[in-house]
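Protein chains: 4
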Amino acid sequence: MIRVGVVGATGYAGAELVRIIAGHPDASLTVLTSRQYAGEPFETIYPAMKGLIDLNCEVFDNNSICSKTDVIFLALPHKLPMAFVPDLLKNGKKIIDLSADFRFSDPATYEAVYQLHTSKDLLSQSVYGLSEVFTDQIKNADLVGNPGCYPTSVILPLYPLLKSDLIDVSTIIADSKSGASGAGRSLSLATHICEITESFKAYKVTGHRHKPEMDEILTAAAGKPVDITFIPHLLPMSRGMESTIYAGLKKSVTPDEIHNCLADFYSGCPFVRIYDHGIATDTANVRGTNFCDIGFVLEKDKDRIIMMSVIDNLVKGASGQAVQNMNLMLGMDETVGLKAMPYPI
Amino acid sequence: MIRVGVVGATGYAGAELVRIIAGHPDASLTVLTSRQYAGEPFETIYPAMKGLIDLNCEVFDNNSICSKTDVIFLALPHKLPMAFVPDLLKNGKKIIDLSADFRFSDPATYEAVYQLHTSKDLLSQSVYGLSEVFTDQIKNADLVGNPGCYPTSVILPLYPLLKSDLIDVSTIIADSKSGASGAGRSLSLATHICEITESFKAYKVTGHRHKPEMDEILTAAAGKPVDITFIPHLLPMSRGMESTIYAGLKKSVTPDEIHNCLADFYSGCPFVRIYDHGIATDTANVRGTNFCDIGFVLEKDKDRIIMMSVIDNLVKGASGQAVQNMNLMLGMDETVGLKAMPYPI
Amino acid sequence: MIRVGVVGATGYAGAELVRIIAGHPDASLTVLTSRQYAGEPFETIYPAMKGLIDLNCEVFDNNSICSKTDVIFLALPHKLPMAFVPDLLKNGKKIIDLSADFRFSDPATYEAVYQLHTSKDLLSQSVYGLSEVFTDQIKNADLVGNPGCYPTSVILPLYPLLKSDLIDVSTIIADSKSGASGAGRSLSLATHICEITESFKAYKVTGHRHKPEMDEILTAAAGKPVDITFIPHLLPMSRGMESTIYAGLKKSVTPDEIHNCLADFYSGCPFVRIYDHGIATDTANVRGTNFCDIGFVLEKDKDRIIMMSVIDNLVKGASGQAVQNMNLMLGMDETVGLKAMPYPI
Amino acid sequence: MIRVGVVGATGYAGAELVRIIAGHPDASLTVLTSRQYAGEPFETIYPAMKGLIDLNCEVFDNNSICSKTDVIFLALPHKLPMAFVPDLLKNGKKIIDLSADFRFSDPATYEAVYQLHTSKDLLSQSVYGLSEVFTDQIKNADLVGNPGCYPTSVILPLYPLLKSDLIDVSTIIADSKSGASGAGRSLSLATHICEITESFKAYKVTGHRHKPEMDEILTAAAGKPVDITFIPHLLPMSRGMESTIYAGLKKSVTPDEIHNCLADFYSGCPFVRIYDHGIATDTANVRGTNFCDIGFVLEKDKDRIIMMSVIDNLVKGASGQAVQNMNLMLGMDETVGLKAMPYPI
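Protein chains in written order, with my numbering: chain A, 128 to 472; chain B, 128 to 472; chain C, 128 to 472; chain D, 128 to 472.
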């Protein structure tokens, strides 16, 4: 049984990790940390778990967590993980960090968006945890920087087409929409039900920090600089993320060619489902699951493609992909613990 | 592997059965019927299931379903099951019927609320499928009449107190609130999002057909006639049901006495969770699960108890309890296939 | 033109007062106060008002507000108003206080639920602002204690029946459900969309501070002590409140007798609409309006009545009734400024 | 008093017309037609209107409606209006048609998307009712084809920039999101609360019939053919529409230049509010109102503009704009009857 610790277990991504690991046949929760709720039983913070999780939250302690775990998930705001990770690695732990701290290969990019990076030397050994794209590197990694939710939803549909050099990279636009759980459990007027119900809006229209993360990976895929246009929006709902992506094609292609390009790239990837041409995706179809569903439509006479992708921002966009990465790092089937059937409604 | 057929697989209760059975380690879906969608792949009706359910819907055919199944769930409107069940039973099938057709022991009660009963002789052998209450009878049954969602949410908290003769039966009031999925997938103005969002209302205030079902079981528990007051309400949400129940106590009791009465009765019942005195339940805590959470508060000086119970109307209120009954009928652990961890949000 | 000040203008009740007064043909907003947003244009706090409200928020200042207003609404948490009101009254202002500070005639009741009352002497001159019940007193008042939302929804249906001595007062139960705007704009996990969407729950089941307020008024109506059972619940929506009220009747009555009792009492009351026997009310029917809709059903053989009432908790439950009271206090038609047609959906 | 008839009064656009006209100081409802509800009081179909609308629904009858009205709104599915309009015009009525029947100047465009047009000769005299753009023509019109909701939300932000030749017309992309009320009151699985809550999806991705309507007007604005990319999406809410529009600029411009271009064009237009550069719009800010709020952001180094516009699809996107057009046609102030203050939440 793999012993698992979740650092920051009471935020939404942390609690979702608790849910998934608690149902994982080969893993067992041994440590849950929370500064805010130290000493309290996890089930009092999340009463849905009454009778199901028999652990108290504790303050993070390096020695304690190292003695009790094999794998550690960090579900903390950025900046904190880079302080904790070096010691955990030295103790031989496998680390999946859900913050931005270990997502970038170039510290300068990180520092331009976040703050000074204090563990720059680890960036070269950390792997970007987009499970379907960097599978082999993840299998060999001790430290994974788990992708942001927006990057996951935008990169997965685009990556195969960029690799196949089908897209004019100067034309890429991603219009993304996220459920409110992406903003986390911290209190904010933006997630007050009276402010968000019957409301839809763009936000951070002058710059969102997930954009450099997308650009870095898409640039690697294209083999040339990519600088997409990205506008995030907030949905009046809890879970779910959709990205509608517009791009000019470098040449005329048929729907079959696009479908094949995607299907070939994601062949053997159980969590990516490719839709037929002209069929729209729906966040409801992936709610609570680790799936990323991808659809597309070609515009006649315009050599423009519109792609749609949907994920559950807390699962494939965060904790589900994190567990998928753990499975890969430990040489297990990537679907273990992630096979719960989706709800029909 | 138990071979399972779901008749009426494309309604919400049917689709929820499909979800649960598809994740059941000892059962396998072999037949899905749907008049409306005959010939279509189930996954095109519920795209969430894309790649997960490899069956087409078919028209109900007695011979075909008998040759391919061991257990049959009927998720049909009342009246249809009583026509199908006799032949299915003769063919040795185990039947769980989610309609009202086999819930009543007295055909007169059924006929007063629904219509003429054409299989009256089977009522004596059918068992009311409230799993925690009629466990032993269910284990020996070939035909189970699965309870309605309102009755499940009202009877579970009251039954132990009535058995212990703690309640003045003339005073029982159940104020129940249901998510809209209880109304099913059929189209109706009442479930149009524009009519129901930001709306809350009572309905069927002059009589709901679930009331006689409650009265029959509560009468048996009390050993004297029970005729409760029951007002159902419609919530602006999809899944979840709460009942707040008011009753006069026959004598002064302490919170501990009530807690013990409930905890003793449901000792060994993994799907019933009893809350401490004064702690309110929340439908969110049981969403997607087979739990029934029960809370209560005593009013000082009034000898009045207020009980709260919450269920997911599609799971413990319908398809989850149906699978729990199947497990019991087949001598398996009642929790098999029903252990998916709840979502924290 | 009546000059109106709103103290605490940026909370939900305050902002709703701003909305209504801004559309009032005989009143004009002259002062908006807000500690949190002092100095900021109101329209930046509520961008819906862009171009419509040309006032900045200011810090409360007794001299300033007295020089610029004729009527002052206090939309503050309890405790603050009792400090401000004495001076405002001395300056000849008409005051409508939306907190609990001036709702009770007996300071002991107030102090048992809230805290020490520092302006006890004013309680005898303040009038409880349930517009339809205390109309004449309100017309002559300088200080009105505007009712709580729950009390408004519970007292309006019960008052006529208690006055007519139709109800056994020991049997009254009010099961009330409120939209989340009743919790105000302050941040709290309870109103986080991810916690409240697809959730329904009771809360404060061991005691809510609106209950003594109801008991005081109902006791006056009945002419004998009333101590109701009251359980509030939280709805997954923004605006709207429903109370389902159960009570034993002292004698058999017909639906017509009940209807007449209600219709007679509320004759000439444009904001109370009485439904026919057996017709359920719906919060959607009063959303955004100052209406209170009342329905009822009689249970055969039980001498029990079930009443339903719906209001918009921010309008008839707070700011709308406050403006209705202002109209009465100033000798105007009570409907002025409150006639906006309801939205069909 | 202007006598007004609403044909198709019980659909959502019709009922919204009823709401607005009932509150219009210079107009009076005299005829409401509905095939489905003929003979029934309007207030029984929309109980929110109880006591407020004293008219029964009637079957459409040309003579009757002509004798009782001065202005007629048609809130019907396309195809029906073109049969009714010729006779109504002959009788001297002013007509505002909310269907697509009289929106196009070229019948071929209409027929390519809808069906055979049987009143082609009237297309030359009908005016496209985008109130702020075709103001003068509307003032002189007897027949107005009221715009679709998507076209209103897309054309208003783009028109001034196209007129000023700032945009490369080959690059225009409109990513639009609509509340479910745009789908109308007819029953459909797409608007079932259980299918739409916690769901977000694109739809009609291979072609929506509002696109040719946009292209025709934008082509006129640009003076050259415009063929935009348009993807509509469905929001899990009732009212509100947002369009995020992406376009390449023909030259570098400053935020001030864009702001001035918009502000100059909409100078004197009380229902268009221009936001400062980088400020996002929100459908909640225009809910229930006739406003169109427009925001924008310029992308450095890319000569790309992103525009955002929000409307209430039932008001500025349908019935509010229709009344605004009536006001213009009758020589009144365009805001009469449309000044209700927005709700803060």
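Each residue gets a CB set at the ideal place from its N, CA and C atoms; glycine is no exception.
- Residue D:355 holds the alpha-carbon nearest to the alpha-carbon of residue 430 of chain A among D:316, D:462, D:380, D:355.
- Secondary structure note for residue 130 of chain A: it is in no alpha helix (DSSP H), and the uninterrupted beta strand (DSSP E) holding it is 129 to 134.
- Within the stretch 158 to 183 of chain C, the runs of alpha helix (DSSP H) that reach at least 4 residues and sit entirely inside it are, in chain order, 169 to 172.
- Chain A places no beta carbon closer than 8 Å to that of residue 295 of chain B, leaving this residue out of the contacts.
- For residue 209 of chain D, the enclosing alpha helix (DSSP H) begins and ends at 207 to 217.
- Taking the CA atoms as reference points, residue 337 of chain C sits about 53 Å from residue 131 of chain B.
- Taking 8 Å as the Cβ-Cβ cut-off, the stretch 176 to 198 of chain A approaches chain B at 176, 177, 178, 179, given in chain order.
- With 16 or more other Cβ atoms inside 10 Å of its own Cβ, residue 375 of chain B counts as buried.
- Annotation: residue 342 of chain A is outside any beta strand (DSSP E); the continuous alpha helix (DSSP H) that includes it extends over 337 to 349.
- Using a 10 angstroms sphere on the CB of residue 165 of chain C, the tally of other CB atoms stays under 16, which defines it as exposed.
- When rounded, the separation of the alpha-carbon atoms in residue 358 of chain D and residue 390 of chain D is 27 Å.
- The shortest CA-to-CA distance from residue 393 of chain D to any of D:420, D:148, D:172, D:370 is the one to D:420.
- In this structure, residue 348 of chain A places its C-beta atom within 8 Å of the C-beta atom of residue 289 of chain A.
- Taking C-beta separations shorter than 6 Å and ignoring five residues to either side along the sequence, the partners of residue 192 of chain C in its chain run 132, 158, following chain order.
- The contact set of residue 246 of chain A on chain D, defined by CB atoms closer than 9 Å, is empty, because the minimum CB distance reaches about 31 Å.
- Nearest CB-CB separation between residue 391 of chain B and chain A: not below the 8 Å threshold.
- Under the 8 Å Cβ criterion, the stretch 204 to 215 of chain A counts as touching the stretch 176 to 189 of chain A, having at least three qualifying pairs.
- CA-CA distance, residue 308 of chain A to residue 469 of chain C, rounds to 33 Å.
- The C-alpha of residue 295 of chain A is placed about 57 Å away from the C-alpha of residue 407 of chain B.
- Proximity of the stretch 440 to 459 of chain C to the stretch 398 to 412 of chain D falls short of the contact definition, fewer than three beta-carbon pairs being nearer than 8 Å.
- If you draw a straight line from the Cα of residue 291 of chain C to the Cα of residue 405 of chain B, it comes to about 35 Å.
- Shortest Cα-Cα distance from residue 383 of chain A to any of A:377, A:425, A:397, A:413 involves A:425.
- According to DSSP, residue pairing for residue 420 of chain B in a beta bridge involves B:400, B:437.
- According to the DSSP assignment, residue 447 of chain A belongs to the alpha helix (DSSP H) that extends over 447 to 456.
- The beta carbon of residue 329 of chain C lies closer than 6 Å to those of 358, 360 in the same chain, with the five residues before and after it left out.
- The beta carbon of residue 208 of chain C lies closer than 6 Å to those of 201, 224, 226, 228 in the same chain, with the five residues before and after it left out.
- Within the stretch 232 to 264 of chain D, no residue places its CB atom closer than 9 Å to a CB of chain A.
- For residue 370 of chain B, the enclosing beta strand (DSSP E) covers residues 368 to 376.
- Rounded to whole angstroms, the Cβ separation of residue 280 of chain C and residue 444 of chain C is 7 Å, and the two are in contact under 8 Å.
- At least 8 Å separates the CB of residue 454 of chain C from every CB of chain D.
- Under the Cβ criterion of 8 Å, residue 276 of chain B is not counted among the residues facing chain C.
- Against chain B, the beta carbon of residue 412 of chain A has neighbours under 8 Å at 174, 175, 177, listed in chain order.
- Pairing residue 327 of chain B with residue 413 of chain C, the inter-Cα distance amounts to about 11 Å.
- With respect to the 8 Å criterion, residue 364 of chain A and residue 325 of chain D are classified as neighbours on the basis of their beta carbons.
- Pairing residue 177 of chain B with residue 147 of chain B, the inter-Cα distance amounts to about 16 Å.
- With respect to chain D, the C-beta atom of residue 328 of chain A has a partner C-beta closer than 8 Å.
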